[in-house]
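**Q**
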Amino acid sequence: MTDQTKDQLADGSYEFLSIFLEGLPFIFLGTLVSGFLGTYLPRGAFEKILPKNNTLAILLSGLLGAIFPVCECAVVPVIRRLVKNGLPVSCALAYMLAAPIFNPVTAISTYKAFNNSYEITISRLTIGYLIAVIIALIAARIAQYFILKESAKADEGHEHNHPRNLNSALNNSLRDLMDVGLYFCIGVVLTAILKTTVIDPTDEFWKNLADNSILGSAGMMILAFVLSLCSTSDAFIAANFANFKYGPKLAFMVFGPMMDAKLVFLYSTVFKWKFIAFLFVAIFILTGAFSLLFEMKILPWWMTSQSEIPLAP
Amino acid sequence: MTPLHTRLFGLLAISWGSVLIYFYHSTRVKDYLAVDFHHFILVGGIGIIILGVYSVINPKPKNHSHPADHDHDHDHDHDCGHSHDKEDCESCEHHHEDGHGPFVTILLTLIPLTLAMSYTRDKLSNQGLTKKGLYEAPSLTNAADIPPFTREDLEKRVSKNQYGEFELRMITAYYAAGDREIQDIFDGLPVELEGRIAPEKINNETGDRMRIFRSIITCCAADLQVVGVSLQFPEGATRPKPEDWVKAGGTLTFETVNGTVLPLLKIREVIQAEEPYSEFRNRQ
């Protein structure tokens, strides 16, 4: 084994452990919540809580991250259980995709990372919310059969009197932890391999993409997919890509929390692979389009003023 | 889940939780996560172990009943593969959740975890650090993070060592290269920087340079960013080895390499220093 291979193996292990250690407690928290929701939340509860109008319900679901902030790892087991308990999959998608971006922690970190820029912060939150809602509205028109895995579908027509006690809640939590933990682990392995052997963010290749907004946005989204960063920390990394304009940076910060290498595997605990492929393409195109609109200052002024960084001559 | 599966999953949960507790207790966690996240590891580890132990002791959900009119020989609307009687009820959970069995889950999670724990060095190699920006020029975007700054501000806010050198943060010296006004204040300033040593790969044809760096993180090492400053040693000066943790005193200057302004510390003296609990600096 060459020294370079040994270094890559050690670095890959280091990357794997850092993401695993950081993510596992949050996944546990998510599965604990999901286990208790699955046990104690009465079937049909969402029909009482959510507006009858499906579009309005989706619009509201996309905003829930502001009240129930949750990271992209923890949200998957929660929505998985909520869907089984009768939450419409379109509403679950809106919450799942928007919550990691449309929440106060991400807003503050973006604001700080970009030199107290409220324009890019508002743009990130708004674009994240819009994409989540658009995809949820599309999903609302697709039969659940094409979206959900068999195991994730609501238990309609199979009404057991599942006990509502601590034992059952913890049993559900354990089951969810094992399912999601397995795919999380596979996703983190893939992320660590890609980060140490395939992608080098300091490579000239990435820097050369900076001059072209379309290629730059596409490149930054691919980078976000591979780096698999938390939505609370990715703004600091995005801000550091000095050569890139704001559009590609925005693409990096919107695409990553919705779709990255580890999330693909987490999503597979809920969705069919074909639908995940659709999600990837849809988020990629929509994020690219919105970041270009931002770049061309076609979006509202308060989202696109792109205040110049006050550098000395 | 059958009771056996629940027990096996419980044991796996105990092993995951134990890994978290081990990293916390051994303080190795400081090499992977920002200090703010350490208590999540402790709480998460304890919680996962409690869940695992509880599942090993109580593998069977209690009071799992069915309505009197619930016909258990019906065909489910999803593909169960078989119908079952009421007596089989303890395992009917699997009809709702077709996750992988315990052996697949144990295999696919414990193997990478064990391999990673065996091969990790609790830090990145020079190759890994390079990918995180060890030899990158400071970004102009971040330069603006430094508020308007005067020499008087510097005197007020930054303490000095016994030689009258400003104990400057690495990140300040690094990003100063991106702002001309800040450069004017810092250029020629006696400065002391603390950090880890790496070989220098930029503008080092004569071999009189090394690099000092700090790592900055928000959550975990996955978002780690390295900021470094080049050190130029006078002839005959004692040099530290790569990986040493040092305090480097000297004069801060700026040089232009391939059109990019880079910070350079002309060394007066480098001394070994005590490593901090965590060498990561948190982003604000």
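Line order of the protein sequences matches chains E and R. Going by the numbering used here, the first sequence opens with residue 5, and the numbers climb by one from there. Going by the numbering used here, the second sequence opens with residue 16, and the numbers climb by one from there. Heads up, the beta-carbon is just placed ideally off N, CA and C, and yes, glycines get one too.
Spell out whether any CB of chain E is found under 8 Å from the CB atom of R/R22.
**A** Within the second sequence, residue 22 of chain R is the residue found at index 7, counting from 1. No, R/R22 lies away from the interface with chain E (no Cβ there is under 8 Å from its Cβ).
**Q** So the candidates are E/M224, E/S217 and E/A239; which of them puts its Cα closest to the Cα of R/D238?
**A** Sequence index remark: in the second sequence, residue 238 of chain R carries index 223 (1-based). The shortest Cα separation from R/D238 among E/M224, E/S217 and E/A239 belongs to E/A239.
**Q** Count the CB pairs spanning the stretch 167 to 181 of chain E and the stretch 207 to 216 of chain E that are closer than 8 Å, and state whether there are at least three.
**A** No: fewer than three Cβ pairs fall under 8 Å.
**Q** Can you pull the chain R residues whose beta carbon is under 8 Å from the beta carbon of E/T236, in chain order?
**A** Taking the first residue of the first sequence as position 1, residue 236 of chain E is located at position 232. Those are T233 and C234, listed as they occur along chain R.
**Q** What is the rounded straight-line gap between the Cα of R/Y69 and the Cα of E/N169?
**A** By 1-based counting over the second sequence, the position of residue 69 of chain R is 54. By 1-based counting over the first sequence, the position of residue 169 of chain E is 165. Straight-line Cα distance between these residues: approximately 14 Å.
**Q** Going by DSSP, what residue range makes up the beta strand (DSSP E) through E/P104?
**A** As a position in the first sequence, residue 104 of chain E is number 100, starting the count at 1. Note, E/P104: premise wrong, no beta strand (DSSP E); not H, not E.
**Q** Do E/L68 and E/Y99 have their beta-carbon atoms positioned less than 8 Å apart in this structure?
**A** In the first sequence, the residue the question calls residue 99 of chain E occupies position 95. In the first sequence, the residue the question calls residue 68 of chain E occupies position 64. Closer than 8 Å, so yes.
**Q** Which residues in the same chain have their Cβ closer than 6 Å to the Cβ of R/I186, if we skip the five residues on either side of it in sequence?
**A** Residue numbering aside, residue 186 of chain R sits at position 171 when the second sequence is read from its first letter. So the list reads V242, once near-sequence residues are dropped.
**Q** From which residue to which residue does the beta strand (DSSP E) around R/A213 run?
**A** The residue labelled residue 213 of chain R in the question sits at position 198 within the second sequence. From DSSP, the beta strand (DSSP E) with R/A213 extends over L204 to P214.
**Q** For E/D264, would you say it is in contact with chain R, using Cβ-to-Cβ distances shorter than 8 Å as the test?
**A** Here residue 264 of chain E refers to the residue found at position 260 of the first sequence. So, not an interface residue.
**Q** Are any of the Cβ atoms in chain E nearer than 8 Å to that of R/L169?
**A** As a position in the second sequence, residue 169 of chain R is number 154, starting the count at 1. It does not; no Cβ of chain E falls within 8 Å.
**Q** I'd like to know if the stretch 206 to 222 of chain R and the stretch 256 to 272 of chain R are in contact, where contact means that at least 3 CB-CB pairs between them fall below 8 Å.
**A** Touching, yes, given that three or more Cβ pairs across the two stretches are closer than 8 Å.
**Q** Can you find the residues in the same chain that come closer than 7 Å, C-beta to C-beta, to R/V272, ignoring five residues on each side of it along the sequence?
**A** Residue mapping note: residue 272 of chain R aligns to position 257 of the second sequence, counting from 1. Same-chain partners within the cutoff: I217 and N218.
**Q** Around the Cβ of R/G222, are there at least 16 other Cβ atoms within 10 angstroms (buried) or fewer (exposed)?
**A** Position 207 of the second sequence, counted from the first residue, corresponds to residue 222 of chain R. Answer is exposed; the Cβ neighbour count stays below 16.
**Q** Please list the terminal residues of the continuous beta strand (DSSP E) segment that includes R/F52.
**A** In the second sequence, counting from the first residue as 1, residue 52 of chain R sits at position 37. From DSSP, R/F52 is part of no beta strand (DSSP E); its letter is neither H nor E.
**Q** Can E/F20 be considered in contact with the ligand GTP, in the sense that its beta carbon sits closer than 7 Å to one or more heavy atoms?
**A** Ligands displayed in this structure: none; no statement on the ligand GTP is therefore possible.
**Q** Is the CB-CB distance between R/I126 and R/T165 below 8 Å?
**A** Stepping through the second sequence from its first residue, residue 126 of chain R is reached at position 111. Stepping through the second sequence from its first residue, residue 165 of chain R is reached at position 150. Not a contact, by the Cβ cut-off of 8 Å.
**Q** For R/R184, return the contacting residues in chain E, with the cut-off set at a CB-CB distance below 7 Å.
**A** The sequence position of residue 184 of chain R within the second sequence is 169, counting from 1. By Cβ distance, chain E contributes nothing, its closest Cβ being about 16 Å from R/R184, past 7 Å.
**Q** Considering only their Cβ atoms, is the gap separating R/I64 from R/I121 smaller than 8 Å?
**A** In the second sequence, residue 121 of chain R corresponds to position 106, counting from 1. In the second sequence, residue 64 of chain R corresponds to position 49, counting from 1. For R/I121 and R/I64, no; Cβs fall outside 8 Å.
**Q** Using the Cα positions of R/Q240 and E/T9, report the straight-line distance between them to the nearest angstrom.
**A** For the purposes of this step, residue 240 of chain R is taken as the residue at position 225 of the second sequence. For the purposes of this step, residue 9 of chain E is taken as the residue at position 5 of the first sequence. When rounded, the distance between both Cα atoms is 22 Å.
**Q** If you measure beta-carbon to beta-carbon, which residues of the stretch 192 to 205 of chain E are closer than 9 Å to chain B?
**A** Given the protein chain composition of this structure (E and R), no chain B is represented.
**Q** Measuring alpha carbon to alpha carbon, tell me which of E/A117, E/Y187 and E/I138 ends up nearest E/T273.
**A** Here residue 273 of chain E corresponds to residue number 269 of the first sequence, with the count starting at 1. Among E/A117, E/Y187 and E/I138, the Cα nearest to that of E/T273 is on E/Y187.
**Q** At which residues does the beta strand (DSSP E) containing R/V261 begin and terminate?
**A** One-based indexing of the second sequence puts residue 261 of chain R at position 246. It spans W260 to V272 - the beta strand (DSSP E) in which R/V261 sits, taken as one unbroken run.
**Q** For the beta strand (DSSP E) that contains R/F228, what are its first and last residues?
**A** For the purposes of this step, residue 228 of chain R is taken as residue 213 along the second sequence, with counting starting at 1. Segment R224 to I232, the beta strand (DSSP E) holding R/F228.
**Q** If we define contact as Cβ-Cβ less than 8 Å, is R/H115 a contact residue for chain E?
**A** By one-based count along the second sequence, residue 115 of chain R stands at place 100. Yes, contact with chain E.
**Q** Would R/H110 be called buried (16 or more neighbouring beta carbons within 10 Å of its own) or exposed?
**A** For the purposes of this step, residue 110 of chain R is taken as the residue at position 95 of the second sequence. Its pLDDT being 44, under 50, R/H110 is placed unreliably by the model, and nothing is read from it.
**Q** Can you find a CB in chain E that lies within less than 8 Å of the CB of R/S36?
**A** As a working mapping, residue 36 of chain R is identified with position 21 in the second sequence. According to the sequence shown, residue 36 of chain R is Ile rather than Ser. No, because no Cβ of chain E sits closer than 8 Å to the Cβ of R/I36.
**Q** Given a cut-off of 8 Å on the beta-carbon distance, is the pair E/P81 and R/V58 in contact?
**A** Here residue 81 of chain E is taken as the residue at index 77 of the first sequence, counted from 1. Here residue 58 of chain R is taken as the residue at index 43 of the second sequence, counted from 1. Not closer than 8 Å, so no.
**Q** For R/G251, tell me which candidate among R/T275, R/A263 and R/R283 has the shortest Cα-Cα distance.
**A** Numbered from its first residue, the second sequence carries residue 251 of chain R at position 236. Looking at the Cα atoms, R/R283 is the closest of the given residues.
**Q** Just the Cα atoms here: how many angstroms apart are E/F106 and R/T233?
**A** Stepping through the first sequence from its first residue, residue 106 of chain E is reached at position 102. Stepping through the second sequence from its first residue, residue 233 of chain R is reached at position 218. Taking the straight line from one Cα to the other gives about 19 Å.
**Q** Ignoring anything shorter than 4 residues or poking outside the stretch 82 to 147 of chain E, list the alpha helix (DSSP H) runs there in chain order.
**A** Within the stretch 82 to 147 of chain E, the complete alpha helix (DSSP H) runs of at least 4 residues are 93 to 102, 108 to 117 and 122 to 144.
**Q** Measuring alpha carbon to alpha carbon, tell me which residue in E/R84, E/I53 and E/A196 is nearest E/Q12.
**A** The residue you call residue 12 of chain E lines up with position 8 of the first sequence. When each option's Cα is compared against that of E/Q12, the closest is E/A196.
**Q** Which chain R residues sit within Cβ distance under 9 Å of E/M224?
**A** For the purposes of this step, residue 224 of chain E is taken as the residue at position 220 of the first sequence. Under the 9 Å cutoff, chain R gives no residues; its nearest Cβ is about 14 Å from E/M224.
**Q** Apart from the five residues on each side of it in sequence, which residues of its chain come closer than 6 Å, Cβ to Cβ, to E/A243?
**A** In the first sequence, the residue the question calls residue 243 of chain E occupies position 239. The answer, listed in chain order, is A117 and F118.
**Q** Quick one: what does DSSP say R/Q177 is sitting in, helix, strand or coil?
**A** Residue 177 of chain R sits at position 162 when you count from the first residue of the second sequence. Three-state DSSP puts R/Q177 in coil, outside helix and strand.
**Q** Would you kindly report the start and end of the unbroken alpha helix (DSSP H) that includes R/S30?
**A** Here the question's residue 30 of chain R lines up with position 15 in the second sequence. From DSSP, the alpha helix (DSSP H) with R/S30 extends over P18 to H40.
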